[in-house]
Ligand SMILES: Cc1cc2nc3c(=O)[nH]c(=O)nc-3n(C[C@H](O)[C@H](O)[C@H](O)COP(=O)(O)OP(=O)(O)OC[C@H]3O[C@@H](n4cnc5c(N)ncnc54)[C@H](O)[C@@H]3O)c2cc1C
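Protein chains in written order, with our numbering: chain A, 168 to 555; chain B, 26 to 274.
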């Protein structure tokens, strides 16, 4: 049992925090107000080679593990970049792992280096309006025609689709009534986001305005067969492999945003004098902050344990889910507590914590809701009957 | 041309240092350490000279405990080619460091040594000058601009009241001031490459230097707490207070 970062991991954390210090609070506030993608931040991470952190060296990356990617994503959020900064690079860092694991050598050589070099930008299109969290029920169809697939359907919540030119797409290749198990018959593609066949419409949401989320209306999109990742009909299982790493990264990002909120609130509580004393001298202010700190660090231990297990090749589903759950809940409490600590100023955009509060609800609800995680833990850990 | 860049492991500049309760020094246990910021500027300058083709090899040197290797790694990740750790128990004084660097300069024959103008922990501002004296080389301290041409280093120095430009016949010593450049952040591929770059470990005795301290610290105390300011009603009152209370005019 060793609870400390390795020298490399510490180095990654320090370097990312330094790197992000060039993009200060005003930068993120402005991006959020204008709802403009942080292109220069994204480019700076491309230039620093950070998008390739978990991509093998032969495809232009650095070949490090999920733990290192987790440390990096957390440091981005914690720097004050919040979920805006983290989400801007989350998809290339995490979702390309399915290509790394299941793509052919030719696909990897074609698909990975352009993302690491910043030439291609990728989004991840799974969720659908009529399926929700019940992913095997997705309706988007990919039908074979003349050595290619023709895709029709609708996607929702697809982040960065406004700026991406590539997408990972999950679609049904065999209709649900013709498969043995519901998880069969889905296929995964890495293909062009062809705007002549896909109508991308922005969803106006609560926060993280700079990183868009969208509805996709797909009409007769042609996907060449060589863009299919893994065997036909196996797409859902390939996606499942990526779920735990995604939960780990999201959990770490949530801890990061919670930490910056608490740090900011603690500083304010030390400096703000009311009734002739710093407000932080009142235990009504101090204790909730201390409690949030303890909760966040406990959540972080669970998240990092999951990352460590994953990189060792061990089962980590329980820890990844529990870590993401704890991080999501505690980050929310931390951001909310931070806002209350700042009093009226907590509600002013210039003090940044209201932005964190709006953003921290994303890792709380996505990519999987707290309810579904508790369903999973109840069933898998406690052996309770499945409720749905 | 080779270039030597000494780098010191110091308390990170973001850390609020605390004096130890026994007043023998500042608390270092559990405190975040980093490369001295002025040394980062020195490394950056060396890397830029290498990118311009003026320098062929950059050697980063640190004198200190084993963990100073991490500081050397940081320099390697920024673009230094190899490292030398001169391993000692405690952080030695400027004269000992200067003697060690002289021994290394004799061994490596660099055309240039760029140091930070001072370390932010002890603020000595002495090592570069002592090294220049020991080697008998010219020095351009507090540099805010460096140009190398035909065996001459032209250094713009930040002095009281303006900038002084000096031309040094190389080999020479330069110490870096804050405005010389803005150091880069290491890229991930360079951090990875740095892991494979060699670091030699030697002891001061191997270089014929005794690093034992010549100074003994009597006492370290917190600076006095800042007093709250006073508000004055008129210029006359201000002048009166400056003259009679503060006694500064
Ligand atoms: C900001 C943001 C960005 C996103 N980005 C992407 C993206 O890039 N790509 C992508 O594919 N998706 C993305 N998503 C989608 C996300 O991953 C979730 O899958 C999605 O929000 C959940 O689907 P839904 O809204 O239809 O929820 P529903 O499935 O309709 O669920 C609604 C509610 O009912 C609860 N519920 C449902 N069934 C049960 C049950 N059996 N027991 C208990 N409770 C239950 C859920 O927990 C939830 O609270 C994003 C979402 C958000 C908010």
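We treat Cβ as the ideally placed atom computed from N, Cα and C, and that holds for glycine.
Partner residues on chain A for residue i, Cβ-Cβ distance less than 9 Å
| i | result |
| --- | --- |
| residue 60 (chain B) | Correct list: empty, because the minimum Cβ distance to chain A is about 10 Å. |
Per-residue contacts from residue i into chain B (C-beta, under 7 Å)
| i | result |
| --- | --- |
| residue 195 (chain A) | Near residue 195 (chain A) there are no residues of chain B at all, since even the closest Cβ is about 18 Å away, more than 7 Å. |
| residue 229 (chain A) | 213, 214, 217 |
| residue 182 (chain A) | 210, 211, 216 |
| residue 440 (chain A) | Ordered by position in chain B, no residue passes the 7 Å Cβ test against residue 440 (chain A), which lies about 11 Å from the chain. |
| residue 381 (chain A) | Those within 7 Å of residue 381 (chain A) in chain B number zero; the least Cβ separation is about 30 Å. |
| residue 178 (chain A) | 216 |
Listed by chain order, chain B residues near residue i by CB distance under 8 Å
| i | result |
| --- | --- |
| residue 185 (chain A) | 210 |
Distance cut-off 8 Å: residue i Cβ against heavy atoms of ligand 1
| i | result |
| --- | --- |
| residue 205 (chain A) | no |
| residue 552 (chain A) | no |
| residue 358 (chain A) | no |
| residue 557 (chain A) | In this structure chain A extends from 168 to 555, so residue 557 (chain A) is not present and cannot be described. |
| residue 534 (chain A) | yes |
| residue 368 (chain A) | no |
| residue 289 (chain A) | no |
| residue 372 (chain A) | yes |
| residue 408 (chain A) | no |
| residue 466 (chain A) | no |
| residue 375 (chain A) | yes |
| residue 327 (chain A) | yes |
| residue 299 (chain A) | yes |
| residue 293 (chain A) | yes |
| residue 491 (chain A) | no |
| residue 446 (chain A) | no |
| residue 195 (chain A) | no |
| residue 342 (chain A) | no |
| residue 332 (chain A) | no |
| residue 539 (chain A) | yes |
| residue 555 (chain A) | yes |
| residue 188 (chain A) | no |
| residue 412 (chain A) | no |
| residue 529 (chain A) | yes |
| residue 222 (chain B) | no |
| residue 324 (chain A) | yes |
| residue 542 (chain A) | yes |
| residue 140 (chain A) | A query on residue 140 (chain A) cannot be resolved here, the shown segment of chain A reaching from 168 to 555 and no further. |
| residue 354 (chain A) | no |
| residue 255 (chain A) | no |
| residue 398 (chain A) | no |
| residue 62 (chain B) | no |
| residue 246 (chain A) | no |
Contact set between residue i and chain B, taken where Cβ atoms lie within less than 9 Å
| i | result |
| --- | --- |
| residue 173 (chain A) | Near residue 173 (chain A) there are no residues of chain B at all, since even the closest Cβ is about 11 Å away, more than 9 Å. |
Contact list for the stretch 193-214 of chain B against chain A, Cβ threshold 7 Å:
210, 211, 212, 213, 214
Give, in chain order, every residue of the stretch 215-229 of chain B whose Cβ lies closer than 8 Å to some Cβ of chain A.
215, 216, 217, 220
Given 8 Å as the limit, is there contact between the stretch 273-289 of chain A and the stretch 449-460 of chain A, that is, 3 or more CB pairs closer than that?
no
Can you give me, in chain order, the residues of the stretch 201-217 of chain A that have a beta carbon less than 8 Å from any beta carbon in chain B?
214, 215, 216, 217
Check whether the stretch 367-377 of chain A touches the stretch 240-254 of chain A, taking contact to mean three or more Cβ pairs, one atom from each stretch, closer than 8 Å.
yes
The stretch 95-106 of chain B: positions lying closer than 7 Å to chain A by Cβ
95
Stretch pair the stretch 487-496 of chain A + the stretch 418-426 of chain A: three plus CB contacts closer than 8 Å:
yes
Stretch pair the stretch 49-57 of chain B + the stretch 86-96 of chain B: three plus CB contacts closer than 8 Å:
no
Three CB pairs or more closer than 8 Å across the stretch 424-435 of chain A and the stretch 499-508 of chain A:
yes
Members of the stretch 281-303 of chain A near chain B, C-beta cut-off 9 Å:
none
Please list the residues of the stretch 307-333 of chain A that have a C-beta atom closer than 9 Å to any C-beta atom in chain B, keeping them in chain order.
none
Interface positions of the stretch 220-248 of chain A facing chain B (Cβ-Cβ less than 7 Å), listed along the chain
220, 229
Within 8 Å, do at least three Cβ pairs link the stretch 116-128 of chain B to the stretch 532-539 of chain A?
no
Are three or more beta carbon pairs between the stretch 387-394 of chain A and the stretch 204-218 of chain A nearer than 8 Å?
no
When the Cβ atoms of the stretch 191-202 of chain A are set against those of the stretch 224-236 of chain B, are three or more pairs found closer than 8 Å?
no
contact_flag[the stretch 147-161 of chain B, the stretch 183-199 of chain B] where n(CB pairs < 8 Å) is 3 or more
yes
Contact between the stretch 104-115 of chain B and the stretch 161-171 of chain B (3+ Cβ pairs under 8 Å):
no
Between the stretch 134-154 of chain B and the stretch 249-262 of chain B, do three or more beta carbon pairs fall short of 8 Å?
no
Whether or not the stretch 253-266 of chain A and the stretch 320-339 of chain A are in contact is what I'm after, with contact meaning three or more pairs of Cβ atoms, one per stretch, closer than 8 Å; do they touch?
yes
Give a yes or no on contact between the stretch 262-282 of chain A and the stretch 437-448 of chain A, applying the rule of three or more CB pairs nearer than 8 Å.
no
Are the stretch 273-280 of chain A and the stretch 236-243 of chain A in contact at 8 Å, needing three or more beta carbon pairs?
no
Should the stretch 540-547 of chain A be regarded as contacting the stretch 30-50 of chain B, the criterion being three or more beta carbon pairs within less than 8 Å?
no
Taking 8 Å as the threshold, find out whether the stretch 172-183 of chain B comes into contact with the stretch 57-69 of chain B through three or more Cβ pairs.
no
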